[in-house]
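For reference, the structure is listed below as structure tokens.
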């Protein structure tokens with residue numbers, strides 16, 4: 017029973033980002049899997065992955081069959097299979113049988129059967145409403161994280177400061193030049209860049225806090241999936 021058909025580049029783009037949230041050494045089967053489900057607005061599909069610290073959801077266009085039902089597949093195994101196929105190919109997903117315990121992934125004359133776990137078993141992170149929400153360009157955030165990552169340890173948090181007044185010793189900066197700040201022991205690294213959408217005004221919307229503290233492993237994980 018067919019589930020959906022997708023062009024290889026569209027699927028690989030979504031899988032490549034989502035799989036970075038999946039730990040390779042974890043011993044919990046459902047956390048090794050990515051969830052493929054209908055997008056929230058019903059247009060196309062989305063692939064979702066989590067390691068219980070971060071959750072990633074990426075949309076992609078596909079021809080979805082009426083009988084489609086959400087399912088999960090091993091993230092890294094699926095990516096390793098589809099990335100080897102030529103870009104011009106279409107990839108079809110279908111249930112292998114009526115038990116729905118496995119999914120057939122095929123393209124051209126190639127065919128693979130992967131074990132599937134129920135979508136209901138996928139662990140979704142709780143989403144709490146927060147007034148401290150902001151928007152920032154993904155490329156700018158990735159650059160800032162990569163520039164400060166060498167000052168991070170696995171046991172220490174890293175900080176994103178709203179302006180130069182929130183971190184001791186931060187160099188003077190023009191009005192719209194904001195800084196990212198990484199610190200490990202006595203080592204501090206500052207990355208300068210224009211980040212107006214996030215840090216202008218009073219910082220995060222509805223918040224008077226001057227900085228955002230994120231566990232190091234979460235920040236590094238975020239950098240991998242952006």
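In my numbering, the protein residues as written are 17 to 242. From the three backbone atoms N, C-alpha and C, an ideal C-beta is built for every residue, glycine too. The model shown is predicted, which means the values in this text are computed figures rather than measured ones.
* residue 124 versus residue 139 - alpha carbon distance -> 33 Å
* To do: Determine the burial state of residue 64: buried for a count of at least 16 other Cβ atoms within 10 Å of its Cβ, exposed for fewer.
  => buried
* **Nearest candidate by alpha-carbon position, reference residue 83, set 67, 57, 114** => 114
* Of the residues 104, 95, 133, the one placed nearest residue 28, counting alpha carbons only -> 95
* If residue 79 sits next to residue 20, beta carbons under 8 Å apart, how far is it from one beta carbon to the other, in whole angstroms? -> 6 Å
* To do: Rank 76, 31, 50, 70 by C-alpha distance to the C-alpha of residue 58 and give the top, closest one.
  => 76
* Sequence-distant residues of the same chain with beta carbon closer than 8 Å to residue 68, five excluded per side -> 47, 139, 141
* Asked: Any chance the CB of residue 50 is under 7 Å from a heavy atom of the ligand FMN?
  -> Summarising the ligand content, the structure contains no ligands, and the ligand FMN is consequently not present.
* **C-beta atoms of residue 120 and residue 126 nearer than 8 Å** => no
* **4-residue-minimum alpha helix (DSSP H) runs that sit fully inside the segment 30-105, ordered along the chain** => 91-98
* Which residue's Cα is closest to the Cα of residue 52: 66, 43, 89? -> 89
* With DSSP run on the structure shown, which of helix, strand or coil describes residue 159? -> helix
* Cut-off 8 Å between Cβ atoms - residues of its own chain near residue 72, not counting five sequence neighbours on either side -> 33, 34, 36, 37, 64, 65, 66, 241
* State the Cα-Cα distance for the pair residue 164 and residue 110, rounded to the nearest angstrom. => 44 Å
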